[in-house]
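**Student:** Note that the numbering used here numbers the sequence shown so that position 22 is 181, with each residue one more than the last.
Glycine is no exception: its CB is placed at the ideal position from the N, C-alpha and C atoms.
Supplied in structure tokens, the structure appears directly below.
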Amino acid sequence: MKQSPLFLPHGAPDLIIRPELEAHQFLKALAISVSKPDAIVIVSPHWQTDRLSITAAGPLKTIHDYGGFSQELREIQYAAEAPGWLVSRVHEAITRYGLTVSEDDSWGLDHGAWVPLALAFPEADIPVVQVSLPRSYGSEESYNLGRALAPLAEQGILVIGSGALTHNFDEVSKTGEVPDWALEFDHWISGLAQQGETCALLSSGNHRYYQKALPTDEHFLPFLVAYGAAGENAFSEKLHESFTYRSISMSAFRFHSK
160 MKQSPLFLPH GAPDLIIRPE LEAHQFLKAL AISVSKPDAI VIVSPHWQTD
210 RLSITAAGPL KTIHDYGGFS QELREIQYAA EAPGWLVSRV HEAITRYGLT
260 VSEDDSWGLD HGAWVPLALA FPEADIPVVQ VSLPRSYGSE ESYNLGRALA
310 PLAEQGILVI GSGALTHNFD EVSKTGEVPD WALEFDHWIS GLAQQGETCA
360 LLSSGNHRYY QKALPTDEHF LPFLVAYGAA GENAFSEKLH ESFTYRSISM
410 SAFRFHSK
């Protein structure tokens with residue numbers, strides 16, 4: 160059964176232990192609204208590499224790539240596995256599109272991957288491969304990576320981009336109203352995606368609040384990967400909207416093609 164690609168928020172790592180957050184509850188309920196995929200391919204902003212890479216076959220270690228949070232978070236394990244058949248299929252899809260990719264046996268799942276997966280699919284019984292985000296990638300390269308992964312969605316494999324539409328550490332706070340710039344940028348990107356405005360999305364750096372919302376763009380690029388994975392004439396369905404730490408967007412999307 161075809162799987163429509165998703166863009167999911169991962170927020171701060173403590174999202175997984177904060178059930179009072181709307182995004183936590185959304186992710187916990189997500190599996191109810193999607194048919195169980197045969198496998199998952201996920202792109203996170205927290206695995207940036209010099210060259211495009213995918214996790215090699217085998218058990219995927221849970222990477223606690225953060226500091227300053229409770230010991231409880233460091234004890235969480237998400238025991239997913241990358242079977243050889245899935246690694247081969249992802250590798251083939253990427254190379255068939257004309258991209259070069261290598262397999263990395265030193266990585267696993269960073270918090271940008273395992274936090275949303277552990278909330279949405281807590282049994283860890285679905286095969287997973289994580290795809291890296293090369294440091295050289297911009298909007299077009301990320302979109303094309305999504306296009307390379309698009310055939311997998313036709314094979315019952317769920318492609319997920321994990322990140323945030325707004326991600327500015329200088330603007331986070333435990334209190335306060337969501338700032339106008341964060342709402343405007345989130346709603347602007349949401350509107351473009353809903354209308355399938357691919358060229359405008361790829362040129363979103365021109366928006367007056369882009370630098371405010373995304374001083375660095377690695378948290379936005381997985382959105383474009385998931386969008387591209389929907390195929391030609393893609394458009395989005397917004398599944399969730401909330402903010403954490405005042406200004407971090409937790410918007411989630413499902414992508415379709417016309």
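According to DSSP, which residues form a beta bridge with S261?
**Tutor:** S212
**Student:** Which of helix, strand or coil does DSSP assign to P172?
**Tutor:** helix
**Student:** For the alpha helix (DSSP H) containing A393, list its first residue and its last residue.
**Tutor:** Counting along the chain, A393 falls outside any alpha helix (DSSP H), though it belongs to the beta strand (DSSP E) covering A393 to H399.
**Student:** Could you tell me the alpha carbon to alpha carbon distance between E396 and N303, rounded to whole angstroms?
**Tutor:** 21 Å
**Student:** Who does G335 pair with in a DSSP beta bridge?
**Tutor:** Bridge partners of G335: none, in fact.
**Student:** In its own chain, which residues sit with a C-beta less than 6 Å from the C-beta of A198, not counting the 5 before and 5 after it?
**Tutor:** Around A198: L245, P286 and I316.
**Student:** Could you tell me which residues DSSP pairs with T221 in its beta bridges?
**Tutor:** The partner list for T221 (beta bridge, DSSP) reads L268.
**Student:** Using DSSP bridges, identify the partner residues of H415.
**Tutor:** DSSP lists F394 as partners of H415.
**Student:** Rounded to whole angstroms, how far is the Cβ of A279 from the Cβ of L189, which I believe are closer than 8 Å?
**Tutor:** 4 Å
**Student:** State buried or exposed for F185, treating a residue as buried only when at least 16 other CB atoms are found within 10 Å of its CB.
**Tutor:** By the Cβ-count criterion, F185 is buried, with 16 or more other Cβ atoms from all chains shown falling within 10 Å of its own Cβ.
**Student:** Whole angstroms is fine: what's the gap from G257's alpha carbon to R405's?
**Tutor:** 41 Å
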